[in-house]
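Let me begin by presenting the structure, written as structure tokens, before commenting on it.
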Amino acid sequence: MIDKDKISKELDYLLASYSFRNKPQIQRLLSYLVDHAIDASDSSYDQRAIAVECLGRGDEFDPAENPVVRIEIGRLRKLLNHFYSEDSTRQLVITIPLGQYRPVVTQQAGHESENFIPSLVISPAKPESLSLLLQFETDAEECSELYLLRHQIRIGLTVHIGKLQGVRLVVALPDEEGNVKSNIDFIVRVSVGHTSSGYQLFYFVVTKSSGTVLFEEKVDLPKHYDTQDLNRLISLWGTGLLDREIGLLWAEWVSLRSHPDSNHSLRVQALVNYQRYLLKESDADLEVAFFSIYKAQSEDSDNNVINAALSELYCRIVMRGSNIVADPVVDGLLQVRTALRTNPSCTKLHLVLAFMMFFSKEYQMAEIELSFCLEKPLATFSFRFHSLILNCLMSGLDEGLNELEALCSQAGVYPKLYSVMLYLRAVLDEDHALATTLLEVLGKGYFLPTILQCLGYMKLPAKYESNGGRQQFRKDVSQHLSQVK
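So the sequence shown is numbered by the UniProt record's numbering: it starts at 1 and just counts up by one.
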């Protein structure tokens, strides 16, 4: 006989997984079937009982006329089979055999560990990556609700961070002495506990080398929290810490890799310069980043990370109107196409390709690539932001700006290119007060080159199609620029 607590923990794990957590009716059905699995009677597995007690049907339900129970059980059976086919490490396996509704719980041979939280093997960290360890604990007496919440956070963070470029993620527990034997940069510890009205989540980030606390945050959740709200919170945590352009930990990573005692390879030094530019966006950092990445690529031409970085830097050079290279559009288009041959699944490269095709006036192909980028689910902040920037440019500011504003507002971050789009929109709307304020606050000197590049490349706004064309558009913007010191 399998222990009931073990079955309960396996059920909690299933409900917290991506296969089940966004399917409330399937969750209720699975919980109902498993909860009644130890009953000797089969009355709970009668179609009518399942429909009324679990699926919200009325007492008049007739299974002969309504096949909903058979359909939902079939869906559940397929989900369970798919889940365990992907996760073969589970100690317990819950299945629903064909022709019956009572679930069968079996213990797999060779899985005798009591650990219901499978630890991932620590992969060797590389100095060019930001290496991160996630740890989770319950700050209260263990119960199914906290177990479920902890696993929802763990799964959500693991999936979100796993999609971020340059981050090597480890999910593991420390040894008996509390130590983790791995070359890790940072540790994120997440704790869940009860409050009088629900739950409290607490996370803090420490450096692995010194244990110094870098960041921490507490968040309260209501007892009956919405899964979408939790997912949003997880996304904000991941973005705020680890997004390549705005994440707080990347600045710490640059500091660690720039230590005077560091003895890193040319590739690592180049990626540090590249990351420093992404965070600061200064013209001086752009030049240093480009030439160091260019040199690293010449010595390691097959490195996907270096190739992607070089492709992006060509794109940034075009947007800045920089004279670092003679023809960044031609050279950049060649670079990104070459990079895609060895790394065709890299979504970032597809976005850079869309930009470079737009710059080279291959508009139809640029639209195809951009549509792919805009439809990308679970995109990072930076990827979504630059996709919307290109959408603004390709639509003449008719599309993308409202979504751009919502994206920045949600993340609480407003990158410089957002201000450029807002400025151009203000000029189009003849909102000279807003346009002037933007230039005065943000600095005309920095934004002028990017504004002029956008004027040259973006689709002509509809306002000017029959009213002076691009020449008039340039004239109106130049006139406003001349009025601001």
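Note that beta-carbon positions come from the ideal geometry of N, C-alpha and C, so glycine has one too.
Are residue i and residue j touching if we call contact CB-CB under 8 Å?
| i | j | result |
| --- | --- | --- |
| phenylalanine 290 | leucine 266 | no |
| phenylalanine 372 | cysteine 315 | no |
| isoleucine 71 | isoleucine 96 | no |
| arginine 244 | glycine 166 | yes |
| leucine 249 | valine 205 | yes |
| phenylalanine 383 | leucine 351 | yes |
| leucine 448 | methionine 421 | no |
| methionine 394 | lysine 459 | yes |
| alanine 296 | leucine 279 | no |
| serine 322 | aspartate 285 | no |
| valine 254 | arginine 276 | yes |
Residue i: which of the options sits nearest, CA to CA?
| i | options | result |
| --- | --- | --- |
| aspartate 220 | Thr207, Tyr203, Leu214, Lys208 | Tyr203 |
| residue 500 | Lys208, Ser395, Leu401, Leu442 | As displayed, the chain neither begins before 1 nor continues past 485, which places residue 500 out of reach and without an answer. |
| valine 68 | Tyr423, Asp243, Arg57 | Arg57 |
| aspartate 35 | Leu334, Ser258, Phe20, Glu53 | Glu53 |
| residue 495 | Ala339, Asp285, Gly332 | Not covered by the structure: residue 495. The range shown for the chain is 1 to 485. |
| glutamate 128 | Leu388, Ser298, Arg168 | Arg168 |
| cysteine 408 | Arg150, Ser41, Thr239, Lys280 | Thr239 |
| phenylalanine 215 | Gly247, Asn304, Phe473, Glu430 | Gly247 |
| valine 192 | Leu148, Leu79, Glu281, Arg77 | Leu148 |
| leucine 390 | Phe381, Gln410, Glu367 | Glu367 |
| threonine 342 | Leu374, Leu353, Ser360, Asp302 | Asp302 |
| cysteine 454 | Cys392, Thr227, Gly332, Asn231 | Cys392 |
| isoleucine 187 | Leu130, Arg77, Ser197, Thr347 | Leu130 |
| glutamate 440 | Asp5, Ser482, Gly198 | Ser482 |
Can you grab the Cα-Cα spacing for the pair residue i / residue j, in whole Å?
| i | j | result |
| --- | --- | --- |
| threonine 450 | lysine 223 | 48 Å |
| glutamine 100 | aspartate 3 | 23 Å |
| glycine 412 | serine 419 | 14 Å |
| residue 488 | leucine 434 | As shown, the chain starts at 1 and ends at 485. That puts residue 488 outside it, with no answer to give. |
| isoleucine 317 | glutamate 10 | 52 Å |
| isoleucine 153 | alanine 16 | 9 Å |
| glutamine 47 | alanine 37 | 15 Å |
| serine 41 | leucine 30 | 18 Å |
| leucine 424 | cysteine 143 | 55 Å |
| glutamate 430 | aspartate 476 | 9 Å |
| aspartate 12 | lysine 463 | 57 Å |
| proline 118 | arginine 90 | Low local confidence applies: a pLDDT of 39 at proline 118 is under 50, so the model's placement there is unreliable, and no value is given. |
Could you check where the beta strand (DSSP E) with residue i kicks off and where it finishes?
| i | result |
| --- | --- |
| lysine 163 | Here lysine 163 belongs to no beta strand (DSSP E), and DSSP marks it neither H nor E. |
| serine 395 | No beta strand (DSSP E) contains serine 395, which DSSP labels as neither H nor E. |
| tyrosine 199 | 198-207 |
| histidine 264 | From DSSP, histidine 264 is part of no beta strand (DSSP E); its letter is neither H nor E. |
| serine 360 | Counting along the chain, serine 360 falls outside any beta strand (DSSP E), and DSSP gives it neither H nor E. |
| histidine 194 | 186-194 |
| glutamine 297 | Here glutamine 297 belongs to no beta strand (DSSP E); instead the alpha helix (DSSP H) covers 283-299. |
Could you please give the first and the last residue of the uninterrupted alpha helix (DSSP H) stretch that includes residue i?
| i | result |
| --- | --- |
| valine 330 | 328-342 |
| tyrosine 363 | 363-374 |
| aspartate 220 | It is not in any alpha helix (DSSP H) - aspartate 220 instead sits in the beta strand (DSSP E) that spans 213-222. |
| histidine 480 | 469-483 |
| valine 413 | Unbroken run through valine 413: none, as it is neither H nor E. |
| isoleucine 317 | 304-320 |
| glutamine 228 | 227-242 |
| leucine 29 | 24-35 |
| glutamine 453 | 444-457 |
What I want to know is whether the C-beta of residue i ends up closer than 7 Å to one or more non-hydrogen atoms of the ligand MN.
| i | result |
| --- | --- |
| leucine 15 | The ligand MN is not among the ligands present in this structure, which contains no ligands whatsoever. |
| said: Quick test of the definition: if touching needs 3 or more C-beta pairs under 8 Å, does the region 152-169 touch the region 207-215? | reply: As far as the Cβ criterion goes, the region 152-169 does not touch the region 207-215, which means the pair count is below three.
| query | Is the region 139-146 close to the region 192-203, with three or more CB pairs under 8 Å? | reply | Yes, since at least three Cβ pairs between the region 139-146 and the region 192-203 fall closer than 8 Å, the two stretches touch.
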